[in-house]
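Those sequence lines, one after another, are chains F and S. Each residue of the first sequence is one higher than the last, beginning at 3 in our numbering. Each residue of the second sequence is one higher than the last, beginning at 6 in our numbering. Think of the CB as a built atom: it goes at the ideal place given N, C-alpha and C, for glycine as much as any other residue. Quick notes on the structure that follows.
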Amino acid sequence: MIDSCSSVSKLLEKYFDQEATDKERLLVKGHLQSCPACQHALTSMEGLRTLIKAPVEEAARLEDFPWIWQKIDREIRSQEKVSWWRSLRSWMDISPLFKKKVWIPAVATIAVLLFISTQVILKKIPSYSETSVVEYIESETYNIMVYESEKTKTTVIWLFDEEDQESSRS
Amino acid sequence: MRRIFITLLLIFTLSLLSASLSYGQVQVRLRVFEASNVGTGIDSSLKDMRDQFKPLVDFSSYRLLKEETPTLNLNQSVSSPAHLGRKIELTLIRQHKNFADVRVKIKREEMDVLNTQVRLSPGRTVSIGGPKHGQGVIIITLSAQF
Numbered sequence: 003m004i005d006s007c008s009s010v011s012k013l014l015e016k017y018f019d020q021e022a023t024d025k026e027r028l029l030v031k032g033h034l035q036s037c038p039a040c041q042h043a044l045t046s047m048e049g050l051r052t053l054i055k056a057p058v059e060e061a062a063r064l065e066d067f068p069w070i071w072q073k074i075d076r077e078i079r080s081q082e083k084v085s086w087w088r089s090l091r092s093w094m095d096i097s098p099l100f101k102k103k104v105w106i107p108a109v110a111t112i113a114v115l116l117f118i119s120t121q122v123i124l125k126k127i128p129s130y131s132e133t134s135v136v137e138y139i140e141s142e143t144y145n146i147m148v149y150e151s152e153k154t155k156t157t158v159i160w161l162f163d164e165e166d167q168e169s170s171r172s
Numbered sequence: 006m007r008r009i010f011i012t013l014l015l016i017f018t019l020s021l022l023s024a025s026l027s028y029g030q031v032q033v034r035l036r037v038f039e040a041s042n043v044g045t046g047i048d049s050s051l052k053d054m055r056d057q058f059k060p061l062v063d064f065s066s067y068r069l070l071k072e073e074t075p076t077l078n079l080n081q082s083v084s085s086p087a088h089l090g091r092k093i094e095l096t097l098i099r100q101h102k103n104f105a106d107v108r109v110k111i112k113r114e115e116m117d118v119l120n121t122q123v124r125l126s127p128g129r130t131v132s133i134g135g136p137k138h139g140q141g142v143i144i145i146t147l148s149a150q151f
């Protein structure tokens with residue numbers, strides 16, 4: 003009896019969950035008719051199921067599943083928004099051009115060309131020595147004399163009154 | 006490697022940007038002084054002026070009246086009051102790494118006493134003088150700090 007009980011108790015859960023084969027079910031059914039201990043074990047299982055099932059069903063009834071799904075969907079979408087820096091970095095990782103690193107010599111070449119062209123453009127502007135220091139000069143009230151010395155790097159603009167010139171002539 | 010290169014690229018771009026921004030301005034040194042043959046006093050900041058004027062007019066006294074170092078921005082005028090109700094107006098017209106073209110106007114009652122454009126280069130001094138002041142003459146000296 004004890005041996006029969008221990009072997010049936012292994013099948014009891016399968017029987018309870020309706021997963022037992024026809025042969026197993028017949029075996030368990032026959033045993034239950036003559037074994038109060040296994041009957042008690044089965045009753046306990048049913049009691050436990052009722053105990054768990056009732057609050058779960060109640061909670062499921064109260065829960066708004068479409069709302070929960072909306073919440074989950076929103077969370078997923080908010081995580082999808084990555085920063086511009088991360089997206090840039092991911093773009094750089096994805097780009098096969100950057101992976102191959104052919105852009106390094108390309109950018110270096112552009113930089114060198116830019117530097118050379120800047121120098122050429124700047125050279126086209128005449129240097130100071132090619133032109134006069136005084137580009138133009140005019141006065142409504144004075145006569146003007148301009149003195150330039152390259153040796154001392156001095157330029158003097160001298161303003162004369164009419165009276166000064168008269169006195170210098172006399 | 007990529008991070009280093011991006012950093013170098015950023016530094017290069019920023020240096021180009023800062024160079025282009027600073028390219029449109031220049032600091033000038035403006036000195037206004039009285040030169041005469043009365044006395045022998047020479048202000049310490051005008052000793053270089055005596056050497057420059059000696060071949061032209063050998064004044065015995067140089068007295069500093071005013072010194073300023075305004076920063077000129079491209080096409081923006083900076084004016085400064087001068088002697089006897091005159092006003093000096095400076096405008097940066099063009100800038101190159103070796104020179105700066107500056108328009109100089111000396112005005113008296115909105116009349117242009119002098120209107121000129123000069124090219125200031127490193128070490129170059131441009132002096133404007135002649136009008137009488139006291140027992141001597143007034144001289145305005147301009148130089149650029151590159």
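Here S/Gly44 is exposed: its Cβ has fewer than 16 other Cβ atoms, across all protein chains shown, within 10 Å. With fewer than 16 other Cβ atoms inside 10 Å of its own Cβ, S/Pro60 counts as exposed. Interface annotation, F/Leu115: not in contact with chain S, CB-CB separation never under 9 Å. Cβ atoms of S/Ile145 and S/Ile93 come within 8 Å of each other, at about 6 Å. Measuring C-alpha to C-alpha distances from F/Tyr144 to each of S/Arg113, S/Gln140, S/Gly29, S/Leu15 identifies S/Arg113 as the nearest.
For F/Gly32, the enclosing alpha helix (DSSP H) stretches over residues 24 to 36. Close to chain S, meaning a Cβ-Cβ distance shorter than 8 Å, are the following residues of the segment 151 to 162 of chain F: Ser151, Thr154, Lys155, Thr156, Thr157, Val158, Ile159, Trp160, Leu161, Phe162. Residue nearest to S/Ile16 within the set F/Trp71, F/Ala56, F/Ile159, F/Ala113 is F/Ala113 (criterion: CA-CA distance). Taking CB atoms only, F/Val122 has no neighbour in chain S less than 9 Å away.
Proximity to S/Ser82 across S/Gln32, S/Val131, S/Ile133, S/Ser41 peaks at S/Gln32, based on C-alpha coordinates. Among the residues of the segment 124 to 136 of chain S, those with a Cβ less than 7 Å away from any Cβ of chain F are Arg124, Ser126, Gly128, Arg129, Thr130, Val131, Ser132, Ile133, Gly134, Gly135, Pro136, in the order of the chain. F/Glu65 carries a coil assignment under DSSP once its states are collapsed to helix, strand and coil. Only residues of its own chain outside the window of five on either side were considered, and among them Val158 have a CB closer than 6 Å to the CB of F/Tyr149, listed in chain order. Burial of S/Ile111 is indicated by the presence of at least 16 other C-beta atoms within 10 angstroms of its C-beta.
For F/Phe162, the enclosing beta strand (DSSP E) stretches over residues 156 to 162. In the three-state DSSP reduction, S/Phe58 falls in the helix class (H, G or I).
Here the segment 86 to 104 of chain S lies against the segment 117 to 136 of chain S, with 3 or more beta-carbon pairs under 8 Å apart.
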